[in-house]
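Participant: Chains as they are written, first to last, in our numbering: chain A, 95 to 309; chain H, 6 to 395.
The C-beta atom is built at its ideal place from N, Cα and C for all residues, glycine as well.
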């Protein structure tokens, strides 16, 4: 089995300008991963599947990960005039590091019996640019799992044949696995005819001149 | 092996979107099979479009049992989600425990004592035997053989569950494995009882085999039904007995040889007709191999501790990093993917559910077959809804 550096070199040779980076894993498991550039992801995935030596024909696992915006407080030394005298003062400045959504793919090879090779892709942000290319056309096993990531995290997979919610119901609007998700107070609230009747009754009961409401 | 004439489309374009044109000029009948259909093993719905009795389209609908297990696990400590893994695939709680423990042990490079590894193999293989027996029983039950084969399977399963109860305190929600070993040690009396139960199992499998495998009705209903091409099986991430019934030699016990599986000689049965009957037969043969493994493990089990004394239990905070651990669960590849940020809870906790991913090919297998066969094809996948919906 090749190391991640060797796999990256093989990808760069086969797909020029793929822009693959290595994400090292600080933990003891030693499972390092490759970060793909979403614009070349489909070509890279096709190469990984069809290359005779790697033969990563089996996509085992697709995981969504949410990285929220991070507020980082930094202490900066600034020189400024205090009471007319130039001094260096320490100031805390807050910087917001924009978050993103990440999708992790675990690949194995059934033909050569090796793995895992881990691919990661990140969206631009967490709000409006959440598109990533779907790898379902290369590995069918991504079909339901990408639907699940779309459902629970809100990553929109372009090119997915049937991108619908998988576990939550279709009318649901939020993405419950995001770290800043807040549960609604009442899942079962829906406007009923009773509400219209109650509103009409309230209008009828509006205080009129010389009368106290409700009497 | 001849491929049946009514199912050519899915075999030619095995990786393309699946469309079958209706043959006649009548209207399609749309049927919502489930969520309360008795053959769906829980609450699962298939939206089926029928042309006469032929299946034109089949869309599975999930989520009736969804409780966001992953979110709950991310809000509690690592150990606290161990009992919750029992509730994923509630037929095989011990293998769920094992997969989770294995992933955390990878995350922290934790050693497991010898005796605990043997106990894990014994319990894991007993779990596999009772899962395969009851899954065959359910399949036959859905075919219309009301009761008898299922009760044969349950009689044997009950003996194994009694063993689980004696050791772990619970028949199904065992909560037995820990990071770095097992919760309690097995007594000599328990091992003797296990040997006695295992000694009776080959006789049960012989009886079960004689009762079913050459049954004319079973063969007529299952042979040539629900064919799954090996190329599609691999591409769609199908694992476990279903993948091996499609003729692909891929058993994670052999490939990864996690734990101590390289010490046990066992064979991997493979199918060559890729149909429902093969899936049934693979489970039957895997039971025999599992019995051999348990027999050897019960003979070789050494004395010693069942928990690594250096394992940290209180204040358990793995270093930042990530790990993916997987085992060959009775239903397929059960994996856990954990990302730690150094805190007491996992930052990301993901279950790779074999039951859900094996259903990716359900539509491909069912297209063009009769509606009556959908029940059989679905039964041969062997799913548990607790794991599909999580």
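Which same chain residues, not among the five before or five after residue 362 (chain H), have their C-beta less than 6 Å away from its C-beta?
Facilitator: Excluding residues within five positions, the ones whose Cβ falls inside 6 Å are 242.
Participant: For the pair the region 143-156 of chain A and the region 129-137 of chain H, tell me if three or more CB-CB distances fall below 8 Å.
Facilitator: These segments do not touch.
Participant: For residue 394 (chain H), decide whether its Cβ has a neighbour in chain A, counting only Cβ atoms nearer than 9 Å.
Facilitator: Judged by the 9 Å Cβ criterion, residue 394 (chain H) is in contact with chain A.
Participant: According to DSSP, is residue 280 (chain H) part of a helix, a strand, or is it coil?
Facilitator: Residue state, collapsed to three classes: coil.
Participant: When you compare the CB of residue 204 (chain A) with every CB in chain H, is at least one pair closer than 9 Å?
Facilitator: At least one chain H Cβ lies under 9 Å of residue 204 (chain A).
Participant: Could you give the residue range of the beta strand (DSSP E) that holds residue 38 (chain H)?
Facilitator: It spans 34-38 - the beta strand (DSSP E) in which residue 38 (chain H) sits, taken as one unbroken run.
Participant: What residue from H:44, H:61 and H:100 has the CA that sits closest to residue 147 (chain H)'s CA?
Facilitator: Out of H:44, H:61 and H:100, H:44 has the C-alpha closest to the C-alpha of residue 147 (chain H).
Participant: Residue 314 (chain H): which of H:153, H:115 and H:38 sits nearest, CA to CA?
Facilitator: Taking only the C-alpha atoms, the option nearest residue 314 (chain H) is H:115.
Participant: For residue 108 (chain A), which three-state DSSP category applies?
Facilitator: Residue 108 (chain A): helix per DSSP, three-state reduction.
Participant: Grab me the residues of residue 377 (chain H)'s own chain with a C-beta within less than 8 Å of its C-beta, minus the 5 sequence neighbours each way, in chain order.
Facilitator: The answer, listed in chain order, is 58.
Participant: Does any residue of chain H bring its CB to less than 9 Å from the CB of residue 132 (chain A)?
Facilitator: No, residue 132 (chain A) does not count as interfacial toward chain H.
Participant: According to DSSP, is residue 239 (chain A) helix, strand or coil?
Facilitator: DSSP places residue 239 (chain A) in helix when its eight states are reduced to three.
Participant: Given a cut-off of 9 Å, decide if residue 196 (chain H) and residue 306 (chain H) are closer than it, judged by their beta-carbon atoms.
Facilitator: Cβ distance < 9 Å, so residue 306 (chain H) and residue 196 (chain H) count as in contact.
Participant: Sort out for me which residues DSSP pairs residue 185 (chain A) with in a bridge.
Facilitator: Residue 185 (chain A) pairs with A:170.
Participant: Is it right to say residue 116 (chain A) is buried, meaning 16 or more other beta carbons lie within 10 angstroms of its own, or is it exposed?
Facilitator: When all chains shown are included, residue 116 (chain A) counts as exposed.
Participant: Spatial neighbours of residue 261 (chain A) within its chain, please: CB distance less than 8 Å, with the 5 preceding and 5 following residues excluded, ordered by chain position.
Facilitator: So the qualifying residues of the chain are 242, 245 and 246.
Participant: Taking the alpha carbon of residue 250 (chain H) as the reference point, which residue from H:260, H:279, H:230 and H:271 has its own alpha carbon closest?
Facilitator: Of H:260, H:279, H:230 and H:271, the residue nearest in Cα terms is H:279.
Participant: Does DSSP classify residue 271 (chain H) as helix, strand or coil?
Facilitator: Of the three classes helix, strand and coil, the one that applies to residue 271 (chain H) here is coil, per DSSP.
Participant: Using the DSSP secondary-structure output, state which residues sit across from residue 238 (chain H) in a beta bridge.
Facilitator: Answer by DSSP bridge pairing: none, since residue 238 (chain H) is not bridged.
Participant: Buried or exposed, going by whether 16 or more other CB atoms sit within 10 Å of the CB of residue 103 (chain H)?
Facilitator: Label assigned to residue 103 (chain H): buried.
Participant: How about residue 386 (chain H) and residue 93 (chain H): do their beta carbons lie closer than 9 Å?
Facilitator: Not a contact, by the Cβ cut-off of 9 Å.
Participant: Between the Cα of residue 296 (chain H) and those of H:391, H:199, H:371 and H:228, spot the shortest distance and give me the residue it belongs to.
Facilitator: Minimum Cα distance to residue 296 (chain H) is reached at H:199.
Participant: What residues in its chain sit with their C-beta under 8 Å from that of residue 352 (chain H), if we drop five residues either side in the sequence?
Facilitator: Within the same chain, residue 352 (chain H) has close Cβ partners 79, 344, 345 and 346.
Participant: By alpha-carbon positions, which one of H:379, H:232 and H:145 ends up nearest to residue 222 (chain H)?
Facilitator: Checked all of H:379, H:232 and H:145; the closest Cα to residue 222 (chain H) is H:145.
Participant: Output needed for residue 139 (chain A): all residues of its chain with C-beta closer than 7 Å, excluding positions within five of it in sequence on either side, in chain order.
Facilitator: Closer than 7 Å at the Cβ level, and outside the excluded window around residue 139 (chain A), lie 229 and 232.
Participant: Taking DSSP as the reference, what is the three-state secondary structure of residue 56 (chain H)?
Facilitator: Note: residue 56 (chain H) maps to strand in three-state DSSP.
Participant: Apply the 10 Å Cβ neighbour rule to residue 283 (chain H) and answer buried if 16 or more other Cβ atoms are within range, or exposed otherwise.
Facilitator: Buried, because 16 or more other Cβ atoms sit within 10 Å of the Cβ of residue 283 (chain H).
Participant: Under the rule that 16 or more other beta-carbon atoms within 10 Å means buried, what is residue 100 (chain A), buried or exposed?
Facilitator: Burial call: exposed.
Participant: Is it the case that the Cβ atoms of residue 48 (chain H) and residue 63 (chain H) are separated by a distance below 9 Å?
Facilitator: Not closer than 9 Å, so no.
Participant: Going by the CB atoms, is the gap between residue 158 (chain A) and residue 130 (chain A) shorter than 9 Å?
Facilitator: The answer is no: Cβ separation not under 9 Å.
Participant: Count the other CB atoms, across all protein chains shown, that sit within 10 Å of the CB of residue 13 (chain H); report buried if there are 16 or more and exposed otherwise.
Facilitator: Residue placement at residue 13 (chain H) is poorly supported in this model, since its pLDDT is 43, which falls under 50; the coordinates still yield a value, given next. Residue 13 (chain H) comes out exposed.
Participant: I want to see whether chain A comes within less than 9 Å of residue 145 (chain H), judged by CB atoms only; does it?
Facilitator: Answer no: the Cβ-Cβ gap between residue 145 (chain H) and chain A never drops below 9 Å.
Participant: Quick one: what's residue 227 (chain A) bridged to in DSSP?
Facilitator: Beta-bridge pairing links residue 227 (chain A) to A:252.
Participant: Contact between the region 200-213 of chain A and the region 249-268 of chain H: three or more CB pairs below 8 Å?
Facilitator: With the cut-off at 8 Å, the region 200-213 of chain A and the region 249-268 of chain H touch.
Participant: Using alpha carbons as the reference points, say which of H:35, H:383, H:72 and H:253 lies closest to residue 263 (chain A).
Facilitator: Closest option to residue 263 (chain A), Cα to Cα, is H:72.
Participant: To the nearest angstrom, how far is the alpha carbon of residue 277 (chain A) from that of residue 75 (chain H)?
Facilitator: When rounded, the distance between both Cα atoms is 15 Å.
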